[in-house]
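Reading the sequence shown from the start, the letters are residues 12 to 550 in our numbering.
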Amino acid sequence: MTAAAFLQATTVAVVPSFLVIFGLLLRRNLRRRHFSVIPGPALASFFTGNILQFYGPDAAKFHQEIVQKYGSVVRLGGLLGESQLFISDEQGVRDILVKEDDIYEETSVFLIINRLIHGPSLLSTIGGIHSRQRRLMNPVFSTGNLRHLTPVFHKVTGELLSSLLLAVEHGPREIDIHDRLGRLSLQAIGEAGFGYNFNALSNDSSPYAKAVKEFFPLFTKMQIYLPLLPWLADIGPPWLRRFVAEKLPLPDLHDLLEMTDIMSSTSKRILDTRLAILDEKKIRDSEGAKDIFTILLKANINTQSKDHLSDEELMAQINMLVFAAMDTTSTALSRILYLLSTHTDAQETLRKELVEARGESDPGYEDIMALPFLDAICKETMRLYPPVTILTRTTREDTVLRLGKMIRLADGNSTDQIQIPRGTDVHVNLERVNTNPDLWGEDGHEWKPERWLSPLPTSVTGARIGGVYSHLLTFSGGRRACIGFKLAELEMKVVLFHLIPVLRFSPGSREILWRYGPLTTPSVAFDAKAQLPSVVEKI
Numbered sequence: 012m013t014a015a016a017f018l019q020a021t022t023v024a025v026v027p028s029f030l031v032i033f034g035l036l037l038r039r040n041l042r043r044r045h046f047s048v049i050p051g052p053a054l055a056s057f058f059t060g061n062i063l064q065f066y067g068p069d070a071a072k073f074h075q076e077i078v079q080k081y082g083s084v085v086r087l088g089g090l091l092g093e094s095q096l097f098i099s100d101e102q103g104v105r106d107i108l109v110k111e112d113d114i115y116e117e118t119s120v121f122l123i124i125n126r127l128i129h130g131p132s133l134l135s136t137i138g139g140i141h142s143r144q145r146r147l148m149n150p151v152f153s154t155g156n157l158r159h160l161t162p163v164f165h166k167v168t169g170e171l172l173s174s175l176l177l178a179v180e181h182g183p184r185e186i187d188i189h190d191r192l193g194r195l196s197l198q199a200i201g202e203a204g205f206g207y208n209f210n211a212l213s214n215d216s217s218p219y220a221k222a223v224k225e226f227f228p229l230f231t232k233m234q235i236y237l238p239l240l241p242w243l244a245d246i247g248p249p250w251l252r253r254f255v256a257e258k259l260p261l262p263d264l265h266d267l268l269e270m271t272d273i274m275s276s277t278s279k280r281i282l283d284t285r286l287a288i289l290d291e292k293k294i295r296d297s298e299g300a301k302d303i304f305t306i307l308l309k310a311n312i313n314t315q316s317k318d319h320l321s322d323e324e325l326m327a328q329i330n331m332l333v334f335a336a337m338d339t340t341s342t343a344l345s346r347i348l349y350l351l352s353t354h355t356d357a358q359e360t361l362r363k364e365l366v367e368a369r370g371e372s373d374p375g376y377e378d379i380m381a382l383p384f385l386d387a388i389c390k391e392t393m394r395l396y397p398p399v400t401i402l403t404r405t406t407r408e409d410t411v412l413r414l415g416k417m418i419r420l421a422d423g424n425s426t427d428q429i430q431i432p433r434g435t436d437v438h439v440n441l442e443r444v445n446t447n448p449d450l451w452g453e454d455g456h457e458w459k460p461e462r463w464l465s466p467l468p469t470s471v472t473g474a475r476i477g478g479v480y481s482h483l484l485t486f487s488g489g490r491r492a493c494i495g496f497k498l499a500e501l502e503m504k505v506v507l508f509h510l511i512p513v514l515r516f517s518p519g520s521r522e523i524l525w526r527y528g529p530l531t532t533p534s535v536a537f538d539a540k541a542q543l544p545s546v547v548e549k550i
């Protein structure tokens with residue numbers, strides 16, 4: 012590098028850093044005074060506040076402790092101690108996610124990260140652009156389209172089952188089932204989503220499959236640096252941002268850039284392939300393929316020009332759908348199989364139901380959705396163990412958050428509303444709302460699938476939480492609710508339908524720990540890779 016280039020890179024990196032630090036210090040002092048009466052833990056560090064506790068691998072325990080100690084509204088310290096809020100109050104959460112979601116928007120860090128990874132997708136856009144994309148994509152995930160995709164999930168799951176049966180042909184064997192489920196989910200979204208074969212179930216998986224698999228663990232390691240991303244995104248054109256990012260002494264960031272390049276080139280190849288196979292007339296006039304992306308292309312061509320998605324937006328949806336469908340669904344399935352391995356009575360009850368439901372052909376969408384105990388297993392696991400436990404929003408203007416219950420302040424007073432300044436990060440505690448004993452009873456923190464076999468209590472049905480899935484916030488609510496939650500539910504049920512009748516799952520030889528991160532994943536140690544060693548045997 013020339014001296015001039017080095018000076019340019021250093022200036023670009025250092026000057027904005029000082030500006031960011033100065034701005035954070037100013038906001039820190041203002042907000043600490045504003046939220047001084049909100050109870051919360053002491054700062055663990057002047058520089059990182061409570062970030063390492065809140066986002067660390069053992070963060071779930073920290074979340075539970077501070078809610079138990081300080082209540083449904085907790086003050087936290089962000090970078091340089093900037094005050095943030097942690098909300099578990101049901102009415103407050105509903106207002107944040109649903110009723111006033113135009114005020115509580117995704118954070119700048121979240122939007123920038125997703126734009127850097129995916130491009131202008133549903134996850135990285137706001138306002139009118141997001142509404143336009145959502146309006147076009149919502150019908151793609153209709154029940155009618157899911158009916159056509161059900162055979163694809165049966166096919167891919169059959170391939171997984173065959174490989175597992177081969178692995179345990181000579182007796183029980185300990186297998187990393189989380190890895191197998193991740194491969195399955197990627198293959199399923201490839202075929203059902205884009206009519207594309209990622210070759211994920213073979214040992215010789217594609218570079219894209221490897222990049223997606225390694226992305227979240229690497230991303231988790233870099234969480235401490237995320238608050239610095241907004242300034243990096245604003246320092247100039249893309250080539251300059253790339254130049255600065257490559258010169259920063261962060262090897263993990265360089266690996267992320269390489270993975271992003273692989274994902275971008277693959278999504279472009281998928282888009283080009285679909286457009287080459289299906290020209291405009293064929294897409295408009297014929298039934299054609301039934302994969303999600305083809306249906307989206309049809310809708311995009313037939314919609315008014317002002318609502319069209321550009322090629323850049325279409326490519327962004329590909330990467331977004333892969334990430335949203337792969338890791339969240341495989342993590343949820345890993346949790347289900349882990350729970351079934353430790354609750355043998357539930358595993359046997361489910362096996363009995365599924366064996367009785369098996370016929371000469373694979374069940375259709377309605378049939379598999381109608382199995383009561385299978386449904387109960389999925390719902391109870393999603394209630395108690397949502398793959399994503401925390402959602403964070405930023406206030407776009409000064410606002411007042413109304414609470415369902417009075418909270419006691421540090422000065423001895425009580426209130427049922429909180430004034431929140433513009434630009435405040437507010438963390439929504441999905442897990443707490445899903446398990447609140449005021450709604451679910453004293454056994455709300457226990458895994459009891461049978462609770463779904465009877466009518467839910469009126470405390471649940473009348474709570475109006477605002478979630479899109481079974482009175483739960485697992486898939487969020489409002490304009491930014493998970494668009495593919497029905498697809499995820501279908502995949503989970505099809506996988507269990509095929510595996511449980513012919514395979515028995517038991518705990519492996521090592522203790523399983525669930526590590527907090529962008530997703531809560533299984534591991535055998537908090538510093539180990541995501542894995543779920545389970546003993547699998549043929550029945």
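Here a beta-carbon is modelled for each residue, glycine too, at the ideal position from N, C-alpha and C.
In whole angstroms, give me the CA-to-CA distance for residue i and residue j.
| i | j | result |
| --- | --- | --- |
| Q64 | R443 | 18 Å |
| N330 | N424 | 49 Å |
| H181 | P512 | 19 Å |
| L18 | K258 | With a pLDDT of only 38 at L18, under the threshold of 50, the placement of this residue in the model should not be trusted; the figure read from the coordinates follows. Looking at the two C-alpha atoms, the distance is approximately 12 Å. |
| R184 | Y207 | 32 Å |
| V109 | L133 | 17 Å |
| S119 | F57 | 22 Å |
| F152 | I418 | 40 Å |
| S308 | S47 | Position check: residue 308 holds Leu in this sequence, whereas Ser was assumed. Going by the C-alpha atoms only, they are around 52 Å apart. |
| K166 | H482 | 31 Å |
| T485 | K390 | 10 Å |
| L264 | E377 | 45 Å |
| T406 | Q358 | 45 Å |
| I128 | E371 | 44 Å |
| Y219 | E116 | 31 Å |
| E461 | H319 | 46 Å |
| G82 | G92 | 20 Å |
| S28 | I429 | Caution applies to S28, whose pLDDT of 49 falls short of 50 and renders its modelled position unreliable; the model cannot decide the point. |
| K301 | G155 | 11 Å |
| L195 | G88 | 39 Å |
| Q198 | I49 | 47 Å |
| T469 | L450 | 8 Å |
| I303 | E225 | 25 Å |
Checking the sheet assignment: what are the DSSP bridge partners for residue i?
| i | result |
| --- | --- |
| V546 | E185 and S517 |
| D436 | T405 |
| P533 | W525 |
| L87 | Q95 |
| L412 | I429 |
| L483 | Y480 |
| E461 | In the DSSP output, where bridge partners are listed per residue, E461 has none listed. |
| G488 | G478 |
| E225 | The partner list for E225 (beta bridge, DSSP) is empty, contrary to what the question assumes. |
| S142 | According to DSSP, which records beta bridges pairwise, S142 is partnered with nothing at all. |
| R419 | S425 |
| S56 | G60 |
| E117 | R404 |
Once the 5 residues before and after residue i are set aside, which same chain residues still bring their CB inside 8 Å of it?
| i | result |
| --- | --- |
| H456 | L395, T446 and P448 |
| L385 | L361, E364, L365, I379, K504, L507 and F508 |
| A70 | Q64 and Y527 |
| E408 | I114 and R433 |
| E111 | T410 |
| R475 | R105 |
Suppose the cutoff is 6 Å on Cβ atoms and the five residues either side in sequence are ignored; what does the same chain contact list for residue i look like?
| i | result |
| --- | --- |
| L122 | S135 |
| S297 | Low confidence applies here, because S297 scores a pLDDT of 48, under 50, leaving its location unreliable and the question unanswered by this model. |
| T231 | G528 |
| E170 | L212 |
| G103 | L412 and L414 |
| G488 | L108, V109, G477, G478 and V479 |
| M55 | Before going further, note that residue 55 is Ala rather than Met in the sequence given. N61 and Q64, listed in sequence order. |
Measure the beta-carbon distance from residue i to residue j and round it to whole angstroms, keeping in mind my assumption that it falls under 8 Å.
| i | j | result |
| --- | --- | --- |
| V415 | D100 | A quick correction: the sequence has Gly, not Val, at residue 415. Sure, about 5 Å apart at Cβ, within 8 Å. |
| L441 | V471 | Contact flag wrong, Cβ pair sits at about 15 Å. |
| E323 | G130 | 6 Å |
| T435 | Q95 | 7 Å |
| D106 | L412 | 6 Å |
| S341 | G193 | 4 Å |
| L332 | G204 | 5 Å |
| F516 | D338 | Contact flag wrong, Cβ pair sits at about 21 Å. |
Is the beta carbon of residue i within less than 7 Å of some heavy atom of the ligand ATP?
| i | result |
| --- | --- |
| P518 | Looking at this structure, you won't find the ligand ATP or any other ligand, since it has none at all. |
Residues in the same chain with beta-carbon distance under 7 Å from residue i, minus the five sequence neighbours each way, listed in chain order, please.
| i | result |
| --- | --- |
| K549 | L176, V179, V513 and L514 |
| D266 | L229 |
Which ranges does the alpha helix (DSSP H) cover as unbroken runs of at least 4 residues, wholly within the region 344-392, from first to last along the chain?
The qualifying runs are 355-368 and 376-380.
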